[in-house]
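One structure below.
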Amino acid sequence: MTAIMLFLASIATWLLPFDPSTSFQSVESFELMIDLALMGGLITVALLANRFWPLWLAALHVLAIGIHGVRGFDAALMPWMYAAAGGKLAYPMIALLAMGVTRHRQRLARYGQDPDWILPWQDAR
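Each residue of the sequence shown is one higher than the one before, counting from 1 in this note's numbering.
Below, the structure is given as structure tokens:
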């Protein structure tokens, strides 16, 4: 589910119009909306998942959203810095996802089952 959310957010961001002369001169509101929607999904997964890595993934994405706030607060921030900073956070996020998937596959191979979720109405034992 997390991989699908990240993929859809990256496609949606890629589909946004880009003009090098005007992009990233101020807060990119459509990109911010995509990031906020992704944040909602990541927080939901982090709250329901039976793992710690989704919490770290959501925390990294909070930093990405914070970059929009920095741009809104400081108009002197160079546009290339604003554009590059958000993209750089994607690499550790993808690495966390890959590690989470790898560990899940290892637990499946070792134990035969690996519950992904603990829902509030289920017994946590």
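Cβ atoms here follow ideal geometry from the backbone N, Cα and C, with glycine treated the same way.
Please name the residue in Pro115, Asn50, Phe18, Val101 whose C-alpha comes closest to that of Glu31.
-> Looking only at Pro115, Asn50, Phe18, Val101, the smallest Cα-Cα distance to Glu31 is reached by Phe18.
Of the choices Arg105, Arg71, Ile11, whose alpha-carbon is the least far from that of Ser23?
-> The shortest C-alpha separation from Ser23 is found at Arg71.
Is there at least one Cβ from chain C nearer than 8 angstroms to Val27's Cβ?
-> Of the chains in the structure shown, none is chain C; there is only one protein chain.
Among Pro54, Leu15, Ile11, Gly87, which residue has its Cα nearest to the Cα of Met1?
-> Pro54
Kindly list the residues whose CB is nearer than 6 angstroms to the CB of Ala46, restricted to its own chain and excluding five residues on each side of it in sequence; keep chain order.
-> Pro54, Leu55, Ala58
Counting Cβ pairs, one atom from each stretch, are 3 or more of them under 8 angstroms apart for the region 5-19 and the region 32-52?
-> yes
Same chain, Cβ closer than 8 angstroms to Leu108, five either side skipped, listed in chain order | Asp114
Report the residue from Gln25, Ala9, Ile94 whose alpha carbon sits nearest the alpha carbon of His68.
-> Just measuring C-alpha positions, the residue of Gln25, Ala9, Ile94 sitting nearest His68 is Gln25.
Have a look at Arg103, Ile65, Tyr82 and flag the residue whose alpha-carbon is nearest the alpha-carbon of Gly40.
-> Ile65
From which residue to which residue does the alpha helix (DSSP H) around Gln113 run?
-> Element bounds for Gln113: n/a, residue is neither H nor E.
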